[in-house]
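Those protein sequences? They're chains Y and H, same order as listed. The first sequence begins at 1 in this note's numbering and counts up by one. The second sequence begins at 446 in this note's numbering and counts up by one. We put the CB at the ideal spot given by N, CA and C, even for glycine. Have a look at the structure below, then the notes.
Protein chains: 2
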Amino acid sequence: MSTKRTGLILGLSVTANGSHSAGWRYPGAPADTSLDFAFWRDLALTAEAAKIHFIFFADGAAVRQGADDPEALRYIGKIDQFEPLTLISALAAATTRIGFVATASTTYNEPYAIARKYASIDHISGGRVGWNVVTSWSEAEAKNFNLEASLRHDLRYRRAQEFVRVVTGLWDSWEDDAFRRDQRSGEYVDPAKLHVLDHSGEFFSVKGPLNVARPVQGHPVIAQAGASEPGQQLAARTADLVYTAQQDKAAAQAFRAGLKARAAAEGRDPEAVKVLPGILPIIGRTAAEARARHRTLRELVHPKVIYAMLEPKFGDMSAHALDGPIPDLPETNGIKSIKGQLDAARARGLTIRELYETSGAGGHRQIVGTADDIADLIEDWFVDGACDGFNLMPPYFRAGLTDLLDLLVPELRRRGLFHADYAGTTLRRNLGLTRPPHPAARLAG
Amino acid sequence: MSTKRTGLILGLSVTANGSHSAGWRYPGAPADTSLDFAFWRDLALTAEAAKIHFIFFADGAAVRQGADDPEALRYIGKIDQFEPLTLISALAAATTRIGFVATASTTYNEPYAIARKYASIDHISGGRVGWNVVTSWSEAEAKNFNLEASLRHDLRYRRAQEFVRVVTGLWDSWEDDAFRRDQRSGEYVDPAKLHVLDHSGEFFSVKGPLNVARPVQGHPVIAQAGASEPGQQLAARTADLVYTAQQDKAAAQAFRAGLKARAAAEGRDPEAVKVLPGILPIIGRTAAEARARHRTLRELVHPKVIYAMLEPKFGDMSAHALDGPIPDLPETNGIKSIKGQLDAARARGLTIRELYETSGAGGHRQIVGTADDIADLIEDWFVDGACDGFNLMPPYFRAGLTDLLDLLVPELRRRGLFHADYAGTTLRRNLGLTRPPHPAARLAG
């Protein structure tokens, strides 16, 4: 293992109250982290002390689950959270090295506003921000933005392609040295270094220029997680980081190789696209402790939450026992589309609860074990080219996170996989990504 | 003067590089404050130490002046700045008591996004945020948001009325005690305390609920500055703070009385609407020092900036000497509409430079003098009911601000006009405004 691969990227993918749906009920866990800024500041500082590359905040502009079913809503611990751009701006002010990746939708925003906000946070943070590009799947969001129903999938992705092109174009409104600020002569800016975008396309007409100087990173880091064909195409063209849900190594290897091939076909350096599967680790100091924590979490999932989460996908199972077999429900439109998945679960003899558990965590790999067990899986995937790192999804706070930072991260460092310290001060630099030169400099160079 | 009015409100209205167009060139002033976060953090902490009520950030989503004229742009020191919502989030994390009011447009945003962002910052800051509602006048902004030209004025204000109604409705999505977070029973939220907005109007269809708990202040403070008839109507209906440009006391008294009468006619408590004129003070330890500072600033305004700023309003004067008389230009559409203003300036014998100076500062009152001189004017207006306080507009940094905080503010405090300390922890409380109860509580109560 002497020439073993190094440079493992570790992000923290965090949601209010933890990634496990019962995380907020875990004994000793804080139940009110969702709008507690002091909690998130502590979390960011703790993660920074462990040299985590970045913290990632998923987002949707709606209460996406349970809003139409009051009795399910009562028990769903994921309703309220900070708006991520305001949150990461505040966290950037409280930290110095760790990066922040926040989600913003290309369906419910305007590119000028998004270009400006990320450029602004990039200057506030000294170059530590990333944008997770999403097209927003939920019907609840559409209804908050003047629509009866979501835009068609292909339309959303066409809009996303153009949106990202406009945003990166606006970031290049000014060359890096455009602002002279010469007090003696009174020359504030060199107009020869201004590049007005003047974009006119299918979805957007945006003149520019941006009223923010070029971002510290040139372009903030771009992340993308779409798994569909157009999603992968968008990622291959534009993304620095690709988030993905993968259950096994072979599929992850194939996904990563495919994505890098697509990026190469787009004329990009495949090394410049980092693929990061999510992983939901339930860690213990011993295997028995990890299993006990897992059991506790499972038992704390309120039955109504299980039925409510399964219903939109599989149909109403609430007349059947949670720990009994998956019922043979009458076919509905919902069931039809994923009948194979349901049949497979039934063939494996899963209970309703187990169906929920395997389809939970957004399809991300879950692992229950010691730091060594989790490090073994991470090392195996990383060394065998199944990923460039992982998005760690702490199931609950605080121990569900701090044990990862105190036990798992040092183990990964001991194995020579994870860095001892940040390489630089910007997120790009720490991820091993180059700073994109301004197009005018590319032409001149 | 023993029963003299107290409770003077002081905001700081700040723009990158100071409010004077040559502020960035002032000897010893930093020329690069626009994207220097450490500068703004220091400024906020300094203002907080002086117990200033809030810092106000004006904004536009475009380079609004000079973008079409490269040679004017070169010398205009107001091009780049932080996006204000990201900036105030970061500043909120660095402070504990001072408020922050940031501008956001009702023409180029969606109400769900705005409701969320201000609610989020209100939770981050512990209740210290305000929203300055603008409808965006500039053509440059329209061109950044898919339009050829700005929406008609009346349409913009109709949209603004509906926009504010939707935002405040979304802030009331949840009653104050809706979130129970009871770990034992698993009840996270009480669905009986959810109020889905289900808004459908002329401009917006927004279902709700907001995915943020009710703001700390109930509703973040709302500021408004429209001087037109629909602008004043919007302010009377919705604003807690009204910004205004006033040159003399009698006009300010009339404006304030009129606005309070309108608010009363809308069924609001007129005391709950605070009118704050802007004032651009050029302060010195002696009158001579103040005059010298003023002279220095005037001389640092680049001639091209003067001609470029006058041109859209009055026509091209660049063939005439700055310190010579205002020329009798051929009438244009631009000149025709404000011919009276120009004739009056000519009758007073103003030079081109003086015309620029009197029409500069956005029409706000400028005063050159000692702390005593400025305090005299503030006291006179405040005691005589011309205002509820002022927005101080520092012309340059740092002395142009710190001298205000070190000399003027203590003088206002000595006179018993300005508070010795913050009354509470929220902006509403410090401004003497009540926290709006939730509509459900109003019904029940």
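Take the alpha-carbon of Gly830(H) and the one of Gly473(H): they are about 38 Å apart. Pro722(H) is bridged by DSSP to Thr689(H). By the neighbour-count definition (other C-beta atoms within 10 Å, threshold 16), Thr434(Y) is an exposed residue. Taking a cut-off of 8 Å for Cβ pairs, the region 848 to 866 of chain H and the region 816 to 836 of chain H touch, as three or more such pairs fall below it.
Classified as buried, Ala225(Y) has 16 or more neighbouring CB atoms from the shown chains inside 10 Å of its CB. Restricting attention to Ala290(Y), Tyr307(Y), His219(Y) and Ala251(Y), the CA atom closest to the CA of Asp240(Y) is found in His219(Y). Secondary structure note for Val409(Y): its alpha helix (DSSP H) is the uninterrupted segment Val409 to Arg414.
Per DSSP, Ala252(Y) has no beta bridge partner at all.
Residue range Glu674 to Thr683 is occupied by the alpha helix (DSSP H) that includes Thr683(H). Counting C-beta atoms within 10 angstroms of its own C-beta, Ala668(H) has 16 or more neighbours from the protein chains shown and is therefore classed as buried. As summarised for the region 12 to 97 of chain Y, the continuous beta strand (DSSP E) elements at least 3 residues long and confined to that stretch are 54 to 57, given in chain order. At a cut-off of 8 Å between C-beta atoms, Glu110(Y) counts as an interface residue with respect to chain H. Of all residues in the region 136 to 162 of chain Y, those with a C-beta nearer than 7 Å to a C-beta of chain H are Lys143, Asn144, Phe145 and Asn146, reading in chain order. Nearest Cα to Ala886(H) within the set Asp622(H), Ala492(H) and Val612(H): Asp622(H).
In the same chain as Gln698(H), and ignoring 5 residues on each side of it, the C-beta atoms closer than 8 Å to its own belong to Asp829, Gly830 and Ala831, in chain order. With 16 or more other Cβ atoms inside 10 Å of its own Cβ, Gln677(H) counts as buried. Cβ-Cβ distances below 6 Å link Arg707(H) to Ala681 in the same chain, with the five nearest sequence neighbours on each side left out; the list follows chain order. Within the region 70 to 97 of chain Y, those residues whose Cβ lies closer than 8 Å to any Cβ of chain H are, in chain order, Pro70, Glu71, Leu73, Arg74, Tyr75, Ile76, Gly77, Ile79, Asp80, Gln81, Phe82, Glu83, Leu85, Thr86, Leu87, Ser89, Ala90, Leu91, Ala92, Ala93 and Ala94.
Interface flag for Pro636(H) against chain Y is set, since a Cβ pair is found closer than 8 Å.
The continuous beta strand (DSSP E) containing Arg180(Y) extends over residues Phe179 to Asp182. Assignment of beta-bridge partners to Gln366(Y) by DSSP yields Leu280(Y). When the five nearest sequence neighbours on each side are left out, the beta carbons in the same chain lying within less than 6 Å of the beta carbon of Gly363(Y) are those of Ala245, in order along the chain. In this structure, DSSP gives Pro770(H) an extended state, which the three-state scheme calls strand.
Annotation: the continuous beta strand (DSSP E) that includes Leu392(Y) extends over Gly389 to Leu392. Separation of the CB atoms of Ala149(Y) and Thr103(Y) is rounded to 21 Å, and the pair is thereby denied contact status at 8 Å. According to DSSP, Gly575(H) shares a beta bridge with Val546(H) and Val666(H). Within the model, the alpha-carbon separation for Arg159(Y) versus Ala790(H) is close to 52 Å.
Around the C-beta of Glu824(H), 16 or more other C-beta atoms lie within 10 Å, and the residue is accordingly described as buried. Under DSSP, the beta-bridge partners assigned to Glu632(H) are Asp627(H). With 16 or more other Cβ atoms from the protein chains shown falling within 10 Å of its own Cβ, Pro840(H) counts as buried. Val133(Y) is positioned such that its CB atom lies closer than 8 Å to that of Thr106(Y). Per DSSP, reduced to three states, the secondary structure at Trp616(H) is helical. At the C-beta level, Ala47(Y) and Ala535(H) stay beyond 8 Å of one another. The beta carbon of Leu745(H) lies closer than 8 Å to those of Ala467, Arg470 and Tyr471 in the same chain, with the five residues before and after it left out.
Residue contact check for Lys449(H) against chain Y: no CB pair falls below 8 Å. About 7 Å separates the CB atoms of Gln217(Y) and Leu427(Y); that is less than 8 Å, so the two are in contact.
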